[in-house]
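Let me begin by presenting the structure, written as structure tokens, before commenting on it.
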Amino acid sequence: MKLLSRLPGTEELKREKIYVIFLFLGLVLVAFVFITLGDMLYRQTEDFPTLIDAVTNSVVLKAIGISISMAIASTLIAFFFGVPLAYFLARKDFPGKSIIEGIVDIPLMIPHVVAGIALYGIFMRYGVIGAPLKRLGIVTTDAYLGIVVAMLFMSLPYLIDTAREGFKEVDPRLENVARSLGASHWRTFREITFPLAFPSILSGAILSWGRAISEFSAVLILAYHPISAPILIYEKFTSFGLAASRPISVLLISICLVIFVLLRVLQGKRNY
Amino acid sequence: MIEVSDLYRDWKEFSLKDINIEIKENEYFVILGPTGAGKTLLLEIIAGFYFPDRGEVRIAGKEVTNLPPEKRRIGFIYQDYSLFPHFTVEENIEFGLKLRKSASPDTTRKRLKEIMDWLGIAHLAHRYPATLSGGEQQKVAIARAIAIEPSILLLDEPLSALDLRTKDYLREELKKIKRELGITMVHVTHDQTEAMVLADRIAVMMRGRIMQVGTPYEIFNKPQDEEIADFVGVENILSGVVRNNENGVAEIEVDLGCNIFAISDYRAGAVKLFVRPEDIILSESRGESSAKNVMKGRIEALDDMGSLTRVKMDNSLVALITKQSRESLGLQKGEEVYATFKATSVHVVR
Numbered sequence: 001m002k003l004l005s006r007l008p009g010t011e012e013l014k015r016e017k018i019y020v021i022f023l024f025l026g027l028v029l030v031a032f033v034f035i036t037l038g039d040m041l042y043r044q045t046e047d048f049p050t051l052i053d054a055v056t057n058s059v060v061l062k063a064i065g066i067s068i069s070m071a072i073a074s075t076l077i078a079f080f081f082g083v084p085l086a087y088f089l090a091r092k093d094f095p096g097k098s099i100i101e102g103i104v105d106i107p108l109m110i111p112h113v114v115a116g117i118a119l120y121g122i123f124m125r126y127g128v129i130g131a132p133l134k135r136l137g138i139v140t141t142d143a144y145l146g147i148v149v150a151m152l153f154m155s156l157p158y159l160i161d162t163a164r165e166g167f168k169e170v171d172p173r174l175e176n177v178a179r180s181l182g183a184s185h186w187r188t189f190r191e192i193t194f195p196l197a198f199p200s201i202l203s204g205a206i207l208s209w210g211r212a213i214s215e216f217s218a219v220l221i222l223a224y225h226p227i228s229a230p231i232l233i234y235e236k237f238t239s240f241g242l243a244a245s246r247p248i249s250v251l252l253i254s255i256c257l258v259i260f261v262l263l264r265v266l267q268g269k270r271n272y
Numbered sequence: 273m274i275e276v277s278d279l280y281r282d283w284k285e286f287s288l289k290d291i292n293i294e295i296k297e298n299e300y301f302v303i304l305g306p307t308g309a310g311k312t313l314l315l316e317i318i319a320g321f322y323f324p325d326r327g328e329v330r331i332a333g334k335e336v337t338n339l340p341p342e343k344r345r346i347g348f349i350y351q352d353y354s355l356f357p358h359f360t361v362e363e364n365i366e367f368g369l370k371l372r373k374s375a376s377p378d379t380t381r382k383r384l385k386e387i388m389d390w391l392g393i394a395h396l397a398h399r400y401p402a403t404l405s406g407g408e409q410q411k412v413a414i415a416r417a418i419a420i421e422p423s424i425l426l427l428d429e430p431l432s433a434l435d436l437r438t439k440d441y442l443r444e445e446l447k448k449i450k451r452e453l454g455i456t457m458v459h460v461t462h463d464q465t466e467a468m469v470l471a472d473r474i475a476v477m478m479r480g481r482i483m484q485v486g487t488p489y490e491i492f493n494k495p496q497d498e499e500i501a502d503f504v505g506v507e508n509i510l511s512g513v514v515r516n517n518e519n520g521v522a523e524i525e526v527d528l529g530c531n532i533f534a535i536s537d538y539r540a541g542a543v544k545l546f547v548r549p550e551d552i553i554l555s556e557s558r559g560e561s562s563a564k565n566v567m568k569g570r571i572e573a574l575d576d577m578g579s580l581t582r583v584k585m586d587n588s589l590v591a592l593i594t595k596q597s598r599e600s601l602g603l604q605k606g607e608e609v610y611a612t613f614k615a616t617s618v619h620v621v622r
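Here the protein sequences come in this chain order: A and P.
Going by our numbering, the letters in the first sequence line up with residues 1 to 272, in that order.
Going by our numbering, the letters in the second sequence line up with residues 273 to 622, in that order.
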């Protein structure tokens with residue numbers, strides 16, 4: 001305590017006890033995440049050759065490539081349909097609005113296995129959507145499309161909810177003024193509303209993308225093949241144990257973290 | 273110029289009922305009313321941001337009730353300025369200019385510079401709104417609105433969030449805009465001083481209705497009923513019965529137990545009397561005065577309001593006197609004084 005009291009700002013901390021206590025409580029969770037991942041990364045550095053093996057293994061690279069690219073596809077689809085919905089929900093009040101918002105959030109609540117089974121039910125060959133698609137020659141199960149469908153279902157609430165909150169923070173009066181200055185509603189959306197809500201939309205997209213990459217259960221049921229990273233990791237773990245699955249895990253989260261950090265940096269660049 | 277007829281609109285906690293107003297070209301029209309009266313909503317309907325449930329809005333003789341705002345060419349200024357935070361001052365002002373069909377980069381630049389010089393904000397051109405003071409932001413908002421050369425400028429509580437000095441300064445700027453650009457201006461406020469200083473005409477709005485339209489003199493001295501009188505600061509509201517009327521001078525017996533003379537055509541019946549507190553003169557003796565009404569009272573309270581003092585008497589009258597006359601009379605609490613006011617200062621309504 002003697003040492004502590006010499007640090008600048010200690011008096012301030014004493015006056016703000018609640019923050020100190022809450023910080024220590026919160027640090028439990030931060031440590032939980034940090035130690036879990038840190039331990040995995042640290043142990044991997046002790047076993048560097050297997051990591052090199054993973055980096056050079058074509059099956060591993062393909063699985064990671066599939067995960068990343070399918071998650072991007074899923075996020076783009078969520079963006080294309082979700083951003084308009086988010087804007088609509090942010091601006092309009094109507095009876096039944098909470099029902100729509102509830103439906104959007106269902107994927108957050110249900111077990112992923114259950115979502116996978118439900119998706120399988122409609123996308124399989126005889127399913128409500130699967131059957132007509134099959135007639136067009138499109139197969140969803142055990143195909144790239146299946147991975148995207150499973151990822152999209154599980155990740156769409158993140159993008160829609162975050163984007164909606166972002167749009168809500170854009171004062172409708174800014175839109176009013178823009179229109180009084182002669183801008184059409186479309187142009188107002190393009191030049192005022194969307195750019196101002198963009199940081200939130202990007203946050204939502206990042207969350208959604210991260211959620212899509214990590215989706216396991218629903219993808220497993222709908223499309224075990226082509227094999228994506230989480231499934232490959234699980235397969236290695238059940239067949240060969242921790243040592244075999246860890247390098248792939250480390251590689252996957254390393255790539256994800258790099259992308260995540262890059263996007264955050266990009267988002268942080270605001271000059272107003 | 274702007275005609276609003278039989279307009280109704282329900283919106284959240286506000287509703288507009290039976291709105292009929294006619295605003296003339298080049299007029300400075302103030303809509304004055306308490307918070308929650310629906311003033312902003314009315315302005316937003318004129319601008320086209322919202323549409324009425326019923327009724328009509330005409331601008332320059334043309335029906336625009338369902339025309340979107342971008343087709344109306346009406347400048348709009350909000351209380352919080354609503355500058356686009358991701359644009360610099362220059363980009364904010366340019367926004368509307370660039371959208372004009374006739375806009376070429378050259379004319380846009382020229383006009384931009386002209387406006388910024390005129391309002392004295394050229395030095396702010398490359399700053400972002402978040403770095404500006406309230407007064408500066410409001411000037412940018414004004415510049416942005418007048419850049420598109422609107423024929424009408426709508427202002428929603430434009431001075432309310434500013435400190436006194438800035439407020440005074442911008443009030444003069446608004447007068448200058450009206451004078452030099454010849455724009456029809458509609459200004460919404462709850463501030464009586466603002467209304468009095470700026471308005472050619474005032475509409476008093478309460479609970480979604482237009483209660484009275486008139487010149488500042490009419491609104492502040494001849495309010496139509498007790499509620500308006502109370503809102504515009506007529507602090508002396510008396511009830512009485514007309515006992516006599518000679519050549520347009522009514523003698524009214526008031527509840528206080530004395531008779532008051534007023535200019536009125538009423539010959540009998542119950543009436544309300546309004547006397548503005550600044551129309552009452554206080555003196556220590558009855559004295560010789562041309563004023564018709566003299567009432568004796570004891571001072572109950574003296575409230576210092578800066579340059580004015582508000583004197584409350586036990587006969588329920590309230591007078592506003594200058595600091596000077598307070599000092600020269602040496603007024604003290606508990607002292608007896610005579611309150612004098614002219615018959616012409618008394619406004620009588622049924």
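Heads up, the beta-carbon is just placed ideally off N, CA and C, and yes, glycines get one too.
Quick caveat: nothing in here was measured; it's all calculated off a predicted structure.
Counterpart residues of residue i in DSSP-defined beta bridges
i: V547/P; result: N508/P, V618/P
i: I553/P; result: T612/P
i: D576/P; result: T581/P
i: E363/P; result: For E363/P, which the question treats as bridged, DSSP gives no partner whatsoever.
i: K568/P; result: Y610/P
i: T456/P; result: I424/P
i: Y280/P; result: R326/P
i: L288/P; result: R281/P
i: V626/P; result: Residue 626/P falls outside the range modelled here, since chain P spans only 273 to 622, and no answer is possible.
Where residue i falls: helix, strand or coil (DSSP)
i: F94/A; result: coil
i: Y120/A; result: helix
i: V104/A; result: helix
i: I110/A; result: coil
i: Y322/P; result: coil
i: K494/P; result: coil
i: I295/P; result: strand
i: A542/P; result: strand
i: R515/P; result: strand
i: E215/A; result: coil
i: K373/P; result: coil
i: T45/A; result: helix
i: E16/A; result: coil
i: T307/P; result: coil
i: T461/P; result: strand
Exposed unless 16 or more other CB atoms sit within 10 angstroms - verdict on residue i
i: T612/P; result: buried
i: S217/A; result: buried
i: G320/P; result: buried
i: M109/A; result: exposed
i: M483/P; result: buried
i: I295/P; result: buried
i: T487/P; result: exposed
i: P377/P; result: exposed
i: P401/P; result: buried
Extent of the continuous beta strand (DSSP E) to which residue i belongs
i: A591/P; result: 590–594
i: A178/A; result: Unbroken run through A178/A is the alpha helix (DSSP H), 172–180; no beta strand (DSSP E).
i: L304/P; result: 300–304
i: V476/P; result: 473–478
i: F533/P; result: 531–535
i: F348/P; result: 346–349
Endpoints, the alpha helix (DSSP H) within which residue i is located
i: S239/A; result: 229–240
i: I524/P; result: Careful: I524/P lies outside any alpha helix (DSSP H), inside the beta strand (DSSP E) at 521–526.
i: E466/P; result: 464–470
i: R381/P; result: 377–390
i: Q259/P; result: Outside the displayed span of chain P (273 to 622) sits residue 259/P, for which this structure offers no information.
i: S155/A; result: 144–168
i: T188/A; result: 185–188
i: K134/A; result: 130–135
For residue i, the nearest candidate out of the options (CA to CA)
i: F367/P; options: I259/A, S184/A, I221/A; result: S184/A
i: T616/P; options: S432/P, R570/P, V547/P; result: V547/P
i: G116/A; options: E191/A, A229/A, F153/A, L76/A; result: F153/A
i: P49/A; options: F260/A, I255/A, P247/A; result: P247/A
i: R399/P; options: R416/P, H358/P, R383/P, G308/P; result: H358/P
i: E581/P; options: N565/P, S600/P, K568/P; result: The question names Glu, yet the displayed sequence has Thr at residue 581/P. Comparing Cα positions, the closest option is S600/P.
Heavy atom of the ligand COA within 7 Å of residue i beta-carbon
i: F533/P; result: The ligand COA is not among the ligands present in this structure, which contains no ligands whatsoever.
For this session: Identify each residue in the segment 356–382 of chain P for which the Cβ-Cβ distance to at least one residue of chain B is less than 7 Å, and report them in chain order.
Result: Looking for chain B here will not work: the only protein chains present are A and P.
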